[in-house]
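Engineer:
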Amino acid sequence: MSDTQLVSKSDSVQQTVIHLTPHTRVGSEELLIIGGPCTVESLEQMEQVARHLATVPVQLLRGGVYKPRTSPYSFQGLGLEGLTILRDIRQRYSVPVVTEVMSIPQLEAIAEAVDVLQIGSRNMQNFELLKAVGQVNRPVILKRGLSATLQEFLLAAEYILSHGNSQVILCERGIRSFDPYTRNVLDLGVVVALKQLTHLPVIVDPSHAAGKRELVGNLAKAAIAAGADGVMIECHPQPEKSVSDARQALSLPEMTTLVTQLRPIATAVGRRVVEAEPFNVAAA
Ligand code: PEP
Ligand code: MN
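For what it's worth, the working numbering labels the leading residue of the sequence shown as 136, then goes sequentially.
1. How would you write the range of the beta strand (DSSP E) that residue 181 sits in, first residue to last?
2. Can you say whether residue 427 is buried or exposed, counting buried as having 16 or more other CB atoms within 10 angstroms of its CB?
3. At the level of alpha carbons, what is the spacing between residue 195 and residue 378?
4. If you draw a straight line from the C-alpha of residue 235 to the C-alpha of residue 259, how long is it?
5. Taking only runs that begin and end inside the segment 213 to 265, name each unbroken alpha helix (DSSP H) of 4 or more residues, in chain order.
6. Drop a sphere of 10 angstroms on the beta-carbon of residue 226, count the other beta-carbons inside from all chains shown, and report buried for 16 or more, exposed for fewer.
7. Verify whether the separation of the beta carbon atoms of residue 237 and residue 203 is less than 7 Å.
8. I need the boundaries of the alpha helix (DSSP H) containing residue 317, first residue and last residue.
9. How many Å lie between residue 253 and residue 314 at the Cα?
10. Between the segment 347 to 363 and the segment 379 to 394, are three or more C-beta pairs nearer than 8 Å?
11. Grouping DSSP H, G and I as helix and E and B as strand, with all else coil, what is residue 202?
12. On the CB-based measure, 16 or more other CB atoms within 10 Å of its CB, does residue 136 come out buried or exposed?
13. Tell me residue 366's beta-bridge partners as DSSP assigns them.
14. Would you mind working out which of 273, 178, 214 sits nearest residue 228, comparing C-alpha positions?
15. With a threshold of 6 Å (Cβ to nearest heavy atom), would residue 347 be considered close to the ligand PEP?
16. Reducing DSSP to helix, strand and coil, say where residue 144 ends up.
17. Can you find the residues in the same chain that come closer than 7 Å, C-beta to C-beta, to residue 325, ignoring five residues on each side of it along the sequence?
18. Just grab the DSSP bridge partners of residue 159 for me.
19. Distance check for residue 199 and residue 337, CA to CA, integer angstroms please.
20. Decide yes or no for the touch test of the segment 399 to 411 against the segment 164 to 173: beta carbon pairs closer than 8 Å, at least 3 of them.
21. Give the straight-line distance between the Cα atoms of residue 233 and residue 189, rounded to the nearest whole angstrom.
22. Do you know offhand how far residue 221's Cα is from residue 264's?
23. By Cβ distance below 8 Å, which residues in the same chain neighbour residue 138 in space, the five residues on each side in sequence not counted?
24. Check residue 347 in the structure and name its three-state DSSP category.
25. Does residue 307 come out as helix, strand or coil in the three-state DSSP assignment?
26. Kindly examine the ligand MN and report whether one of its heavy atoms sits closer than 6 Å to the Cβ of residue 380.
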């Protein structure tokens, strides 16, 4: 018996396809495009984002309400107020939403309010949190730790599966290296390897890898070409005014351009970018 028995690919295990809603899935030929700001800042901000992203379209809206900030003096997120905004946007625009859960006490309220949970890089080896999300019936985006090996990443996912939740989406988001020019180094090698080793969907977050908006688009294209099942991109109505990660945020029109540019790449590798508007653009 191997330590990665549940996450590993084998002849008898099919690629896992996770349904985020009845209409949205990841792990199939359809790519999952996730977009939204680093941080939920206000209802108005999220309305602007939701209204625009419906037309792109993206399939899942992101926005952090509990933020893992390097400095304790940086804005820590709107917390429950932010969760109320996400719940409201989710209902009025019929859009699925994802947000990060940083600790066990936050889990119940977050799981009740959103469609998908995110475990951030800094918590990839928070084993008690992994066990706790293993007991929740919600898909989980598990982000790779800043210095986690492939094996440690798979073992973190194995924690969640072995506690009962098989709906895990792995997310490569860049790893630490010596060169500060990019915030992190996007490890596309690990994406290729993971697609060979695990049946779980694998997505890529080029925003946190690059740390600079002008690098995000081409890295997203490379991720799709490398076989990723989707991408997560940070974008904002006024990128330079973002309360966090402003330097890497795309504008909303840039998001439209990027998704258009992903289409031929997806086709070239036998995948598809969803065309239809998945949620209600006409919502007030
Ligand atoms: C995020 O998605 O906003 C985030 C904090 O990501 P990471 O955990 O990859 O740094
Ligand atoms: Mn961010």
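Virtual Cβ for every residue (Gly too), placed ideally from N, Cα, C.
Quick caveat, the model's predicted, so the values are computed rather than measured.
Structural biologist: Result, derived from the coordinates:
1. Element bounds for residue 181: not the beta strand (DSSP E) but the alpha helix (DSSP H), 178 to 190.
2. Outside the displayed span of the chain (136 to 419) sits residue 427, for which this structure offers no information.
3. 21 Å
4. 12 Å
5. Counting whole runs of 4 or more residues, the segment 213 to 265 contains the alpha helix (DSSP H) stretches 215 to 228, 239 to 248.
6. It counts as exposed.
7. Yes; because the gap between Cβ atoms is below 7 Å, this pair is in contact.
8. Here residue 317 belongs to no alpha helix (DSSP H), and DSSP marks it neither H nor E.
9. 27 Å
10. yes
11. coil
12. exposed
13. Note: residue 366 sits in a beta bridge opposite 168, 339.
14. 178
15. no
16. coil
17. 285, 307
18. 156
19. Using only the alpha carbons, I get a separation of about 21 Å.
20. yes
21. 15 Å
22. Each residue's Cα considered, the two are about 22 Å apart.
23. 290, 293
24. coil
25. strand
26. yes
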